[in-house]
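Residues 1 to 556 in UniProt numbering are what the sequence shown spells out, letter by letter. Where is the CB? At the ideal position from N, CA and C, for every residue including glycine.
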Amino acid sequence: MRGLKSAVRGSGGCRGPCVYEAVPDGGWGWAVAVAFFFVEVFTYGTIKSLGVFLEDLMTEFGESNSRVSWVIAICVFILTFTAPLSTVLSNRFGYRPVVMLGGFLISLGTISSAFVSSINEMYVTIGIVSGLGYCLTFLPTVTILSQYFNRRRSLVTALASSGESFAMFAFAPAFMALKEIIGWRHCLIVIGLMQASVIGCGALLRPIIIRPDQEVSGEVSNKEKLSVKLQTVYELENEDTQTNVSSGESEESGDSGVTSLSASSADLRATTATQDPSETRALKEQGEAGPLVQPSRPKLLDFAVLKDGAFICYSLFGLFATLGFFAPSLYIIELSKSRGVHPEKSAYMLSVMAVSEVCGRLSIGVILNKVRMRKTQVLLGCVVLLCLVLLAFTLVTEFWGLAACCCLYGFLMGTVGSTHIPMLAEDDVVGIERMPSSVGVYVCIQSFAGLAGPPLGGLLVDKTQNYGSAFYSCAVGMGLGAIFLAMVGPAKSGLCLRGKTRKQEEEGEEEGEEERGGEEEEKVSQDSGSADYLDVDLTVETSPAKWSPKQETNVV
């Protein structure tokens, strides 16, 4: 409640930033979570539901599976490859305008796709325009959501990311029925109009500022602190001046060792005069509302993470695992038809995946909040099981077997899909401080697998005339991803061990230098002490303050 008051007081309404005394684990973060839910619905949820138009596009333009699948591949590639651009723009201009621009591009690209005359034009509309919009929308939203939560981060991210699953559950049968009534072109116009709501979601992304509690009792404004400091300086100087006068030391002696009051005042005036006006205004504002501590501005893009072995291993995991993210949802309907399932029932395979994916996202959120082992190890177990399920798709031949595989795949995909990006915030990978500037690099590395995944599956289908072949490439990629994910822990431990050893060596060198410096200072102080003693003796003999009648008699 106390943090909420701080947010309302320092926010300047619903348009300004949210100010909290600590990471709120709630507050306005719940509004951001709702925004992320709908962003998931109209980004990944829509992309994975476009498989219902696969046969229509092949028939309309007379193209092969691999040629049509390039639409999704280019879209996913642009979404992930331009992630560094999304990171740079978000760190430069803020999350809100970037997401709103992304929502406009998504809607523009999808609506434009309804008017294309060739598959090459759709490469531009959905592939490039909408793909760029997806990137500018998704990454900033998931990044700012991670900043609003700490203890509940895994659970809230899992809940919010379930929007993708709800979209697959509702959109697949709805689009299938809608295109039979109004055609696939008008259906794309309806989807584009719905996606325009992402602009409103972007408006909810208020930046967050952390204002820590005061550890001392009674807050003192910066202005009051400055007054106290000035008063203390004057009192000390007055005391020193009075001491000098009472001791009878003349100005000519010049050995008081204390800066005069006039000189100190001049220095203080000079210091005040050289202050930046903007800093003065900032101090005044902080004095009125209490000091606000804003986190240091993140780097626009942090390529230094490429020197981190743990990050490299984790990025390679994301690269190969992405091969299995999109192809199954794209080809599952055609796979079901080829195995004798009725076309209407085939569309429900995506719905089965979606329901199971929701359960997986919710389950992994609870598990990661309760588990005491490394979260990357939990993710590793899910990836290994997902690899086995992808292999099972190639073996089953009837409806219930496919439904069971879709159920298991959806559940495990929910666990992996909802955690692999937020997992960057864990200390096992890069940590929360480096996440905003490193997430773009991570997703950019993923982009190449997103570009190759669907066309590779389509190529295998065209060569073998078997839709089950597309799932082999997914299984191989997921298996390679599991190997690199298993290497993250050892790589991180090795880096930490080397870092500790280097730090201990540096501390040892600093202690040695301090000891040598202390001995030198002691020698210098002893020499200067003798000189000071001689100066004092000379001053006592010649000082007018020590004048006596005997001296006057001798002079007479």
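Identify, in the order they occur along the chain, each residue of the same chain with its Cβ nearer than 8 Å to the Cβ of residue i, setting aside the five sequence neighbours on each side.
i: S528; result: The pLDDT assigned to S528 is 47, lower than 50, so where the model puts this residue is not dependable; a value taken from the coordinates is nonetheless given after this. There are no such residues.
i: E279; result: The pLDDT assigned to E279 is 41, lower than 50, so where the model puts this residue is not dependable; a value taken from the coordinates is nonetheless given after this. The answer is none, since no qualifying residue turns up.
i: L105; result: V129, S130, L132, G133, L136
Per DSSP, which one or two residues make a beta bridge with residue i?
i: I210; result: Y20
Leaving out five residues before and five after residue i in sequence, what residues of the same chain have Cβ atoms less than 6 Å from its Cβ?
i: F53; result: W184
i: E426; result: K375
i: L335; result: Y467
i: L459; result: S66
i: E399; result: It should be pointed out that residue 399 corresponds to Phe in this sequence rather than to Glu. For F399, where only same-chain residues beyond five positions count, the Cβ hits under 6 Å are V341.
i: R152; result: D25
i: G477; result: F320, L323, G324
i: S90; result: V98, P140
i: F393; result: C405, F471
i: F115; result: none
i: S165; result: A354, E357, V358
i: G410; result: M353, S356, E357
i: S346; result: I333, S336, K337
i: E63; result: I119
Please report how far the alpha carbon of residue i lies from the alpha carbon of residue j, in whole angstroms.
i: I432; j: Q147; result: 8 Å
i: G133; j: F61; result: 25 Å
i: I111; j: D428; result: 42 Å
i: F42; j: G27; result: 25 Å
i: I332; j: L391; result: 14 Å
i: V68; j: I119; result: 7 Å
i: L395; j: M168; result: 24 Å
i: V383; j: G365; result: 16 Å
i: D462; j: P455; result: 10 Å
i: R206; j: V23; result: 14 Å
i: A170; j: A160; result: 17 Å
i: S49; j: S315; result: 26 Å
i: L193; j: G489; result: 45 Å
i: P436; j: V190; result: 34 Å
i: W70; j: E55; result: 14 Å
i: L408; j: V389; result: 7 Å
i: residue 566; j: Q446; result: Residue 566 is absent from the structure shown; the chain starts at 1 and stops at 556.
i: M373; j: G309; result: 21 Å
i: Y20; j: R339; result: 56 Å
i: T82; j: V124; result: 15 Å
i: A31; j: L204; result: 7 Å
i: E215; j: N150; result: Since pLDDT at E215 reaches only 39, below the 50 mark, its modelled position is unreliable, and no value is offered.
i: F186; j: L85; result: One point to set straight first is that residue 186 is His, not Phe, in the sequence displayed. Taking the straight line joining both Cα atoms gives about 32 Å.
i: K179; j: G29; result: 37 Å
i: I181; j: Q377; result: 48 Å
Do residue i and residue j have their C-beta atoms closer together than 9 Å?
i: C135; j: T80; result: yes
i: G51; j: A177; result: no
i: C359; j: G414; result: yes
i: L386; j: L412; result: yes
i: I74; j: I47; result: no
i: G453; j: F326; result: yes
i: F77; j: G45; result: no
i: I421; j: V142; result: yes
i: P328; j: A470; result: yes
i: F36; j: C201; result: yes
i: G102; j: A196; result: no
i: S107; j: I199; result: yes
i: L188; j: A33; result: no
i: E357; j: G401; result: no
i: L368; j: L155; result: yes
i: T419; j: A158; result: yes
i: M349; j: A403; result: yes
i: P457; j: C474; result: Residue identity check: residue 457 is Gly in the sequence provided, not Pro. In contact: G457 and C474 (Cβ atoms closer than 9 Å).
i: L424; j: S162; result: no
Leaving out five residues before and five after residue i in sequence, what residues of the same chain have Cβ atoms less than 7 Å from its Cβ?
i: K5; result: The predicted position of K5 is uncertain, since its pLDDT is 42 and thus under 50; a value taken from the coordinates is nonetheless stated next. Excluding positions up to five away in sequence, the list is empty.
i: V220; result: The predicted position of V220 is uncertain, since its pLDDT is 41 and thus under 50; no value can be drawn from it.
i: S113; result: M122, T125, I126, L188
i: A491; result: G309, A310, C313
Following a CB-centred definition, is residue i positioned closer than 8 Å to any heavy atom of the ligand NAD?
i: C313; result: The ligand NAD is not among the ligands present in this structure, which contains no ligands whatsoever.
Return no unless some Cβ of chain C is closer than 9 Å to the Cβ of residue i.
i: L390; result: Any reference to chain C falls outside this structure, which holds one protein chain only.
Given 8 Å, three or more beta-carbon pairs between the stretch 347-358 and the stretch 477-485
No, the stretch 347-358 does not touch the stretch 477-485.
Hey, is the stretch 436-444 in contact with the stretch 459-466, meaning 3+ C-beta pairs nearer than 8 Å?
Between the stretch 436-444 and the stretch 459-466, the count of Cβ pairs shorter than 8 Å is below three; the stretches do not touch.
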